[in-house]
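Residue numbers (the UniProt record's numbering), protein chains in the order written: chain A, 1 to 338; chain B, 1 to 338.
What follows is a set of notes on a single structure, which appears directly below.
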DNA sequence: CTGAAAGCGCTAACAG
DNA sequence: CTGTTAGCGCTTTCAG
């Protein structure tokens, strides 16, 4: 195994100094076309590949951004990562990935690891466990760009990119009302996470604006999963005030609701069902599920752009922006009551 | 913004030298408990965070692995990445992510970027466009571990982790035969990719072993997508020799097939349908889709383990292993003919 | 237009 | 048990 060639090797080869080689390689103007050409040629001939580690050590910039997400197995996060990487790669940045697996401990380790790797910034979505956020504050303290998306936290003074979940809830509800449903139930999580809360608030407001009352008995707080959906639907089916539509906290829960309804011969859209997230499967189940799209790709792109903007400023936290994307209603069969 | 504290700062603080500090920090035994304790304490007090860049430059190891996949938006790849990152993080490695987007040019850029970042190895699945593989050979030439998964290439002499796609095809076919189907059609891609070809070969062998003939008119070569599935099924429905079961090249195509069949009141399992990949949606559509699971998580874990094994050897390519995982049959409603 | 030399932060051989 | 010192590969003043 021959040693990798460095700028020293190519300097020696050409009887110039490393500074000359460095300049030529970096396309500085203060260099004669002749030597520049020579350098470039021998570089290629000697199969030179720059060691970015060395320049990073010198410059203090790694051209690398850290991304922390709960799990790439969740389609939403995979999509966000997709567009972050796409956007940033075109701007000369690399992506260092870290999964928290919804564990605070992992998340803390994540920012530590990324910081030690000297990333130029971090884009993250918090784990469900996270309450104390001092680990995130440490990146702000270093004056490195930190951008939070989707799952943010009120104690962190950093830019964020989120969906307007109040509108999402409102939109889902209004859609059902528009379709003629009047007695709308809600199956969601008791977890005190902002986004779920906001959706619920939007739901309530929409009902109020339409002069519809909230049937407290038709609100089920549990978890979010297919199983929870079945459970929630089961509870509503036993209600003395059977709802004519059900909104679920996410698409998986909605799927559970649909399954339970079908088993009871109350196939949507006879009873309307709405979810949140627009998972891949939602278009393909029967009946196909109306839902609210979370704009994952746009969210990723916005995070990336935000980072690029921040990284240019001497003080990234000069004037903190919070981007709130509008959710998008996806109408499908499960609410298509005519 | 105060400068970051280095081992020099903490050395000065304690009136010792950097070597002492370095030793203490790295837990060397040749250091007195007293100084070690002092160092650790002041390190914490001064909020010290090591600059891994510097040690990497020195050691030539970055503790970082590069991962190249077509797209994280494809659930299979997202799952593989998930387990790669999970496994490697527990062994002190970070993951640098690069998406090729099925473009050869991007892929070439990917290995260049990762190599310049001095990754300790690369795990990759090739883009559909890739024919010439010299870019991958360059990583082997550097004697750095390269592991290919799922989409490999015969010209690359590197370890690989794949699924036995012949068995996958065989298994799918045998399952249909076991369920009583006798006249089995196939809707797949004309693209000459090994994995698709292997599945088709497995299909043919299984028919032969069961003394069933291949109805050439019931083999459709096109693309792989919902649309292609509908198209393929349409063609088979017009066949003079209507099949009683259809295998599709992947789950999306199978979904298209199912949709078409349902429109023609030939709801599976009346006509049996099988897919490949076990996408998330496959369990949730109606009827739920029988399919062959590709073992994404296991594949990722195996890639990671292979890397760890290789990175330990002085010559990683000493004795190249090819791990072939067995696919797993997932029986669901679409083939449940009784 | 080019050279000399210092230094980014850390490790490790060598010396005591 | 601790200190000295020479780099890792590259960038970047400061001189010429």
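All C-beta atoms in this analysis are idealised placements derived from N, C-alpha and C, irrespective of residue type, glycine included.
Within the region 142 to 201 of chain A, the beta strand (DSSP E) runs of at least 3 residues that lie entirely inside it are, in chain order, 146 to 149, 160 to 163 and 184 to 189.
DSSP, read as helix, strand or coil, puts residue 117/B in coil. Less than 8 Å divides the Cβ of residue 272/B from the Cβ of residue 335/B. 8 Å or more divides the Cβ of residue 323/A from the Cβ of residue 310/A.
Annotation: residue 7/A to residue 16/A spans about 10 Å, alpha carbon to alpha carbon. Pairing residue 175/A with residue 329/A gives a Cβ-Cβ distance under 8 Å.
Cβ neighbours of residue 135/A within its own chain (closer than 6 Å, five residues either side excluded): 108 and 111. In the structure shown, residue 126/A adopts coil according to DSSP, grouped into three states. Note on residue 94/B: 16 or more other CB atoms within 10 angstroms of its CB, so buried under the neighbour-count rule. Residue 249/A carries a coil assignment under DSSP once its states are collapsed to helix, strand and coil. About 13 Å separates the CB atoms of residue 105/B and residue 70/B; that is not less than 8 Å, and the two are not in contact. The alpha-carbon separation between residue 237/A and residue 211/B amounts to approximately 52 Å. Shown here, residue 93/B sits in coil according to DSSP, grouped into three states, outside any helix or strand.
For residue 277/A, DSSP records a beta bridge to 293/A. Neighbourhood of residue 79/B in chain A, by CB distance below 8 Å: 72 and 73, in chain order.
Residues 244, 245 and 272 of the same chain have their beta carbon placed closer than 6 Å to that of residue 181/B, with the five preceding and five following residues left out of the count. By the 16-neighbour rule on beta-carbons within 10 angstroms, residue 338/A is exposed. Excluding residues up to 5 positions away in sequence, 65, 67, 84, 147, 149, 303 and 307 lie with their Cβ nearer than 7 Å to the Cβ of residue 123/A in the same chain. By the Cβ rule, the region 251 to 263 of chain B counts as touching the region 223 to 235 of chain B, because three or more pairs are nearer than 8 Å.
Between the alpha carbons of residue 291/B and residue 331/B lies a distance of about 7 Å. Closest by C-alpha distance to residue 59/B, out of 118/B, 240/B, 193/B and 250/B, is 118/B.
A Cβ of chain B is located within less than 8 Å of the beta carbon of residue 85/A. Contacts with chain B (Cβ-Cβ distance below 7 Å) from the UniProt domain "HTH lacI-type" (5 to 59) of chain A involve 49, 50, 51, 52, 53, 54, 56 and 57, listed in chain order.
Taking the CA atoms as reference points, residue 62/B sits about 28 Å from residue 37/B. Relative to residue 255/A, the option among 203/A, 275/A, 154/A and 42/A whose CA is nearest is 275/A. Among the bridge pairs identified by DSSP, residue 330/A is matched with 291/A. Short of 7 Å from the beta carbon of residue 166/A, and not among the five residues preceding or following it, lie these beta carbons of its own chain, in chain order: 198, 201 and 202. For the region 98 to 127 of chain A, residues whose beta-carbon sits nearer than 9 Å to a beta-carbon of chain B comprise 98, 99, 101, 106, 109, 110, 112, 113, 114, 115, 116, 117 and 118. When 8 Å is used as the limit between beta carbons, residue 255/B is near these residues of chain A: 284, in chain order.
Residues 125 and 126 of the same chain have their beta carbon placed closer than 6 Å to that of residue 151/A, with the five preceding and five following residues left out of the count. In this structure residue 144/B is buried. Its beta-carbon is surrounded by 16 or more other beta-carbon atoms within 10 angstroms.
The beta carbon of residue 88/B does not come within 8 Å of any beta carbon belonging to chain A, so the residue lies off that interface. Between residue 217/A and residue 234/A, the alpha-carbon positions lie close to 13 Å from each other. Distance between residue 253/B and residue 295/A, taken at the CA atoms: about 26 Å.
DSSP places residue 86/B within a helical segment (H, G or I) once states are collapsed to three. Among the CB atoms of chain A, none fall inside 8 Å of the CB of residue 270/B.
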